[in-house]
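Numbering (full-length UniProt numbering), first residue to last: 1 to 240.
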């Protein structure tokens, strides 16, 4: 059994989500061969050198799971793209590039966070290209912590404001892009998060059946996708 989750947006201000995640690690995840976390694991991440006691406690919980035999893979999201090797060493997890093709229960599957698929949101895509540029990342990592905290607050507030103002279809993935992405990577299943719209979308790629599975976010409830010999099954659960 393999589990995939995304968009937990962990922060100290939401202890209900943190408690639910720790319980998830002790129960379902401890029975899994592997756990994939597809981005926006934390609400904000300004650098491995700025880890708080809360973030250290999450890393320690992941390491305990890893030491019990569950492989853990982590992908950057748009909120925590500065997560680095320091956190991964502390958490006993492997950082995946976005996108990545992996084999899940015998099937090649494409994993993405999902924000790069929202190409109709042109202002966000410009910001994404700027922030993910290697030179920009180098500059960001060397800014004083106080400056990084202010910048993170500014970006988060602007993101929330713009998301409320933009049309729903603008901040969702571009549907006509999906078949091309699947064909490019020679897979029939794409799994991603980011949009907070859990669903399975059936489609055709070169005349063959394919699917796009959108992972749910952890807010009013938690979501996890289970992959096993019987297929792909996503379900929600109460955070309490």
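Backbone N, C-alpha and C define an ideal beta-carbon position, used for all residues, glycine too.
- Residue state for residue 27 is assigned as coil, using DSSP reduced to three classes.
- In the assembly as shown, residue 157 is an exposed residue. Its beta-carbon has fewer than 16 other beta-carbons within 10 Å.
- Your pair residue 179 and residue 215 does not check out as a contact, with CB atoms roughly 20 angstroms apart and the cut at 8 angstroms.
- Of all alpha-carbon atoms in 73, 47, 18, the one lying nearest the alpha-carbon of residue 58 is that of 18.
- Counting along the chain, residue 37 sits inside the beta strand (DSSP E) bounded by residues 34 to 38.
- Counting C-beta pairs closer than 8 angstroms gives three or more between the region 179 to 196 and the region 103 to 110, which meets the contact rule.
- Unbroken beta strand (DSSP E) stretches of 3 residues or longer found wholly inside the region 59 to 83: 71 to 75, given in chain order.
- With fewer than 16 other Cβ atoms inside 10 Å of its own Cβ, residue 147 counts as exposed.
- Minimum Cα-Cα distance from residue 224 among the listed residues 152, 90, 150, 197 corresponds to 197.
- By the beta-carbon neighbour count (other beta carbons within 10 angstroms, threshold 16), residue 49 is exposed.
- Scanning its chain for C-beta atoms nearer than 6 angstroms, with the 5 sequence neighbours on each side dropped, one finds around residue 210 the residues 182, 188, 203, in chain order.
- Residue nearest to residue 137 within the set 55, 207, 81 is 81 (criterion: CA-CA distance).
- DSSP, reduced to helix, strand and coil, places residue 158 within a helical segment of the structure shown.
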